[in-house]
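Input: a single structure, listed below in structure tokens.
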Amino acid sequence: MYSSARKTIIEPMYFKKAPDLTGADITDEKLFMNRRAFIAKASAAGVGGALVAGGVFARNDRDMRVVSDEVLSGLDDDLTPWETVTGYNNFYEFGTGKEDPARNAQGFKTDNWEVKVDGEVEEERTWNLEELIDGFEVEERIYRHRCVEGWSMVVPWNGFPLKSLIERLKPTTQANYVEFTTLLDNRRMPGQLSPVLPWPYVEGLRMDEALNPLTLMVTGVYGKTLPPQNGAPIRLIVPWKYGFKGGKSIVRIRFTKRQPRTTWNEAIPREYGFYANVNPEVNHPRWSQATERRLGEFFRRETLMFNGYEEEVGSMYADMDLRKYY
Amino acid sequence: MARFRFGPMRWTKPMRWIKVAIWLAALLPLLILVDRIFLFGRFSGGGFVDDPVELIQHWTGTGALVILFVTLSITPLRRLSGYNKLTTLRRPIGLFAFFYATLHVLSYFVFDHRLNFGAILQDVAEHNWVLVGFAAWVLLIPMAVTSTSGWIRRMGGKKWTRLHRSIYAVAVLGVLHFLWQVKLETSEPLIYGAILLVIFAVRFLTRKKKLSRPA
Chain A
544 MYSSARKTII EPMYFKKAPD LTGADITDEK LFMNRRAFIA KASAAGVGGA
594 LVAGGVFARN DRDMRVVSDE VLSGLDDDLT PWETVTGYNN FYEFGTGKED
644 PARNAQGFKT DNWEVKVDGE VEEERTWNLE ELIDGFEVEE RIYRHRCVEG
694 WSMVVPWNGF PLKSLIERLK PTTQANYVEF TTLLDNRRMP GQLSPVLPWP
744 YVEGLRMDEA LNPLTLMVTG VYGKTLPPQN GAPIRLIVPW KYGFKGGKSI
794 VRIRFTKRQP RTTWNEAIPR EYGFYANVNP EVNHPRWSQA TERRLGEFFR
844 RETLMFNGYE EEVGSMYADM DLRKYY
Chain B
49 MARFRFGPMR WTKPMRWIKV AIWLAALLPL LILVDRIFLF GRFSGGGFVD
99 DPVELIQHWT GTGALVILFV TLSITPLRRL SGYNKLTTLR RPIGLFAFFY
149 ATLHVLSYFV FDHRLNFGAI LQDVAEHNWV LVGFAAWVLL IPMAVTSTSG
199 WIRRMGGKKW TRLHRSIYAV AVLGVLHFLW QVKLETSEPL IYGAILLVIF
249 AVRFLTRKKK LSRPA
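As you go down the protein sequences, you meet chains A and B in turn. Going by this note's numbering, the final residue of the first sequence carries number 869, and the count climbs one at a time with no gaps. Going by this note's numbering, the final residue of the second sequence carries number 263, and the count climbs one at a time with no gaps.
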């Protein structure tokens, strides 16, 4: 149904429901070629190549795969370029400046990565990463990514639903929440030498949020192995929440009965809540959340309720006061 | 290099060169900004700019603060050195601080609010860090307007001096604006605050003694 002589698209077959991707706006040949040239350029620059070599598992020939540029909510929703996605990051473990992670995370080794799984789970154990994610089909999902600071991106992530992983881990019926812990190692993550946040970084989700089909465990971006500055080798992406909910470089997954403590909430509780749903009507105490700046653009655009995923996730919060549970 | 003989006549020529140098130095940040955003840093280096508006606002904001600090340093430098001609540099440098502050505010008006003044006023009223920044800029306006010698004559030195003391408030508000804006990492605004304290301390220590003031 998508094929035509002029228009090219990689069919998003993995989307059962295709929350955002509609056939309405299909990348035309020119855009396709530009993107292709752009990705080729990025690989030629060695950015991707080096990362693949250092990664846990090298991605296949999808490196040159062209993701569909199609639009999530309107014609202006182009993908944010690779340079920005991998060069403008909030990852305080590698420094607080936006460009610090890309610089300081170079050489970050993810070999023999292990993930400890504990808490309300049938079997507490430590998994080797390959074993943990073995057999899951890696999908490509284009999500809006909205930072609590008021900027946003559109990112083609590669990953698999957290739901599949949870089914493999078999939490008990007591598990109401799931908590994600980032690596704690200040020799490999020099930003942890500064007490700017209470380390290690911990984030968490309510079980229904974790099981939502949009919630993604991410191992790649733009068809390449996830660069260290983006949270290699494995991170969480929850597209209807502010970016800080997506823990990076995860070494521990814990199922809990009670709501876990989360890092930003602990650091500044008045400003960052546990839920952190993107909501244009609930402002940050110091700035409005009604608008956002898509990186690279000069003018701000309206922020969408639940970052544009209201249809998919809104019902989970139907009876909650979102001002109270920000 | 010209050899300086200290005396009123001898100072004229070096002062002109100093003024040229000040113009060049003060316009340099603007040229770097234009280069980074429109010429991909061909001349000034620096990589791809992911968020040009953030760069414009940070650059013009810190630029205004730095130049404001230079303005504040002139009087203590004059008192320490005895080169009274330095006073004539205060006006151009102070006006450059106003120039960058105005670019900063304009970029906020245009890019953040598309000149929707209702939204701007609401933002100013609701957010302390916006309010103090806005107040700092508003306080700069009468100083910029009355910076000419004509206005000094018209107002009289005493009144003029009193008006221009608001530069202290502007500097403090500017640092607060920076401090309250950052998410968590306060070291950069705190460095600005520390420098301002040093400038205030030196100004205080080199203040004129009341008794020795000529009648």
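Even for Gly, the Cβ is constructed at its ideal location relative to N, Cα and C.
Following the continuous alpha helix (DSSP H) through residue i, name the residue where it begins and the one where it ends.
{"i": "ASP498 (chain A)", "result": "Since the first residue shown for chain A is 544 and the last is 869, residue 498 (chain A) is missing from the structure and cannot be characterised."}
{"i": "PRO190 (chain B)", "result": "176 to 193"}
{"i": "TRP830 (chain A)", "result": "Note, TRP830 (chain A): premise wrong, no alpha helix (DSSP H); not H, not E."}
{"i": "PHE146 (chain B)", "result": "138 to 155"}
{"i": "GLU854 (chain A)", "result": "853 to 856"}
{"i": "ASN647 (chain A)", "result": "643 to 647"}
{"i": "GLU674 (chain A)", "result": "672 to 676"}
{"i": "VAL220 (chain B)", "result": "214 to 229"}
{"i": "PRO756 (chain A)", "result": "That residue, PRO756 (chain A), is in no alpha helix (DSSP H); it is neither H nor E in DSSP."}
{"i": "ARG201 (chain B)", "result": "197 to 203"}
{"i": "PHE252 (chain B)", "result": "235 to 253"}
{"i": "GLY630 (chain A)", "result": "625 to 630"}
Assuming residue i contacts residue j (C-beta within less than 8 Å), just tell me the rounded distance between them.
{"i": "TYR785 (chain A)", "j": "ARG689 (chain A)", "result": "6 Å"}
{"i": "TYR720 (chain A)", "j": "PRO782 (chain A)", "result": "The pair is not a contact, with the Cβ atoms about 19 Å apart (cut-off 8 Å)."}
{"i": "PHE798 (chain A)", "j": "GLY650 (chain A)", "result": "About 33 Å separates the two Cβ atoms, so there is no contact after all."}
{"i": "THR629 (chain A)", "j": "PRO770 (chain A)", "result": "5 Å"}
{"i": "SER92 (chain B)", "j": "ILE104 (chain B)", "result": "That pair is no contact at about 14 Å."}
{"i": "LEU116 (chain B)", "j": "ALA219 (chain B)", "result": "6 Å"}
{"i": "GLY699 (chain A)", "j": "ILE685 (chain A)", "result": "Per the sequence presented here, residue 699 (chain A) reads as Pro, with Gly not at that position. Indeed, because the Cβ distance is near 5 Å, the residues count as touching under 8 Å."}
{"i": "GLU642 (chain A)", "j": "TYR635 (chain A)", "result": "GLU642 (chain A) to TYR635 (chain A), Cβ: 13 Å. No contact."}
{"i": "PRO823 (chain A)", "j": "GLU845 (chain A)", "result": "7 Å"}
{"i": "MET859 (chain A)", "j": "GLU746 (chain A)", "result": "Wrong, their Cβ atoms sit about 17 Å apart, outside the cutoff."}
{"i": "PHE226 (chain B)", "j": "PRO237 (chain B)", "result": "4 Å"}
{"i": "LEU154 (chain B)", "j": "ILE215 (chain B)", "result": "With a Cβ gap of about 21 Å, LEU154 (chain B) and ILE215 (chain B) do not count as contacting."}
{"i": "PHE157 (chain B)", "j": "ILE168 (chain B)", "result": "6 Å"}
{"i": "PHE723 (chain A)", "j": "ARG162 (chain B)", "result": "In fact, because the Cβ distance is near 39 Å, the residues do not count as touching under 8 Å."}
{"i": "LEU672 (chain A)", "j": "PRO776 (chain A)", "result": "6 Å"}
{"i": "ALA217 (chain B)", "j": "PHE144 (chain B)", "result": "With 8 Å as the limit, ALA217 (chain B) and PHE144 (chain B) do not qualify as a contact, their Cβ atoms being about 19 Å apart."}
{"i": "VAL821 (chain A)", "j": "ARG866 (chain A)", "result": "That belief does not hold up - the Cβ atoms of VAL821 (chain A) and ARG866 (chain A) are roughly 14 Å apart, past 8 Å."}
{"i": "HIS175 (chain B)", "j": "TRP830 (chain A)", "result": "6 Å"}
{"i": "GLY111 (chain B)", "j": "PRO77 (chain B)", "result": "5 Å"}
Cβ atoms of residue j and residue i: under 9 Å apart, would you say?
{"i": "LYS706 (chain A)", "j": "THR762 (chain A)", "result": "no"}
{"i": "SER924 (chain A)", "j": "ARG813 (chain A)", "result": "Chain A is shown only over 544 to 869; residue 924 (chain A) falls outside these bounds and no answer can be derived."}
{"i": "ARG84 (chain B)", "j": "VAL101 (chain B)", "result": "no"}
{"i": "VAL681 (chain A)", "j": "LEU727 (chain A)", "result": "no"}
{"i": "VAL186 (chain B)", "j": "VAL178 (chain B)", "result": "no"}
{"i": "LYS511 (chain A)", "j": "ALA819 (chain A)", "result": "A query on residue 511 (chain A) cannot be resolved here, the shown segment of chain A reaching from 544 to 869 and no further."}
{"i": "MET760 (chain A)", "j": "ARG749 (chain A)", "result": "no"}
{"i": "GLN772 (chain A)", "j": "PHE637 (chain A)", "result": "yes"}
{"i": "LEU137 (chain B)", "j": "ILE239 (chain B)", "result": "no"}
{"i": "LEU211 (chain B)", "j": "MET191 (chain B)", "result": "yes"}
{"i": "ARG687 (chain A)", "j": "VAL697 (chain A)", "result": "yes"}
{"i": "GLU665 (chain A)", "j": "PRO714 (chain A)", "result": "yes"}
{"i": "TYR148 (chain B)", "j": "THR108 (chain B)", "result": "yes"}
{"i": "ARG127 (chain B)", "j": "THR254 (chain B)", "result": "yes"}
{"i": "ILE811 (chain A)", "j": "LEU232 (chain B)", "result": "yes"}
{"i": "PRO644 (chain A)", "j": "GLY839 (chain A)", "result": "no"}
{"i": "VAL691 (chain A)", "j": "ILE796 (chain A)", "result": "no"}
{"i": "ASN755 (chain A)", "j": "GLU855 (chain A)", "result": "yes"}
{"i": "GLY205 (chain B)", "j": "VAL223 (chain B)", "result": "no"}
Would you mind reading off the limits of the beta strand (DSSP E) that contains residue i?
{"i": "ARG684 (chain A)", "result": "682 to 689"}
{"i": "ARG127 (chain B)", "result": "That residue, ARG127 (chain B), is in no beta strand (DSSP E); its alpha helix (DSSP H) goes 100 to 129."}
{"i": "VAL761 (chain A)", "result": "759 to 764"}
{"i": "ARG836 (chain A)", "result": "834 to 837"}
**Residues, ordered as in the chain, of the region 93 to 105 of chain B that lie near chain A by beta-carbon distance below 8 Å** = Cβ contacts with chain A come from GLY95, PHE96, ASP98, ASP99, PRO100, VAL101, GLU102.
**Request:** Using a Cβ-Cβ cut-off of less than 9 Å, list which residues of the region 171 to 194 of chain B approach chain A; keep chain order.
**Result:** Per Cβ criterion, the list reads ASP171, GLU174, HIS175, ASN176, TRP177, VAL178.
**Asked** For the region 621 to 636 of chain A, which residues have a CB atom closer than 7 Å to at least one CB atom of chain B, in sequence order?
**Response** Flagged, chain order: GLU626, THR627, GLY630, TYR631.
**Item:** Proximal residues, the region 228 to 254 of chain B versus chain A, C-beta separation under 8 Å
**Value:** For the region 228 to 254 of chain B, the set of residues with a beta-carbon nearer than 8 Å to any beta-carbon of chain A comprises TRP228, GLN229, LYS231, LEU232, GLU233, in chain order.
**Request:** Starting from the N-terminal side, write out each stretch of the beta strand (DSSP E) that is 3 residues or longer and does not extend beyond the region 770 to 822 of chain A.
**Result:** Restricting attention to beta strand (DSSP E) runs no shorter than 3 residues, the region 770 to 822 of chain A encloses them at 778 to 780, 793 to 799, ordered along the chain.
**Request:** Please list the residues of the region 647 to 661 of chain A that have a C-beta atom closer than 9 Å to any C-beta atom in chain B, keeping them in chain order.
**Result:** Correct list: empty, as no residue qualifies.
**Request:** Would you list, in chain order, the members of the region 788 to 821 of chain A that have their beta-carbon closer than 8 Å to a beta-carbon of chain B?
**Result:** Those residues of the region 788 to 821 of chain A that come within reach of chain B (Cβ to Cβ, closer than 8 Å) are ALA810, ILE811.
**Item:** Contained beta strand (DSSP E) runs [length at least 3] in the region 722 to 749 of chain A, N- to C-terminal order
**Value:** With a minimum length of 3 residues, the continuous beta strand (DSSP E) runs that stay inside the region 722 to 749 of chain A are 745 to 749.
**Prompt:** Any residues in the region 674 to 707 of chain A with a beta carbon nearer than 8 Å to a beta carbon of chain B? Which ones, in chain order?
**Reply:** Answer in chain order: GLU692, TRP694.
**Request:** Could you please tell me which residues of the region 156 to 168 of chain B, in chain order, have their CB closer than 7 Å to any CB of chain A?
**Result:** Answer in chain order: PHE159, ASP160, ARG162.
**Message:** So if I threshold CB-CB distances at 9 Å, which residues from the region 836 to 852 of chain A count as touching chain B?
**Reply:** The region 836 to 852 of chain A vs chain B, Cβ under 9 Å: ARG836, LEU838, GLY839, GLU840, PHE841, PHE842, ARG843.
**Item:** Those runs of the beta strand (DSSP E) which lie wholly inside the region 687 to 712 of chain A and span at least 3 residues
**Value:** Along the region 687 to 712 of chain A, the beta strand (DSSP E) occurs as fully enclosed runs of 3 or more residues at 694 to 704, listed in sequence order.
**Message:** To be precise: take each residue of the region 736 to 767 of chain A, compare its Cβ to all Cβ atoms of chain B, and keep it if any distance is under 8 Å. Which residues remain?
**Reply:** Contacts with chain B (Cβ-Cβ distance below 8 Å) from the region 736 to 767 of chain A involve VAL739, LEU740, listed in chain order.
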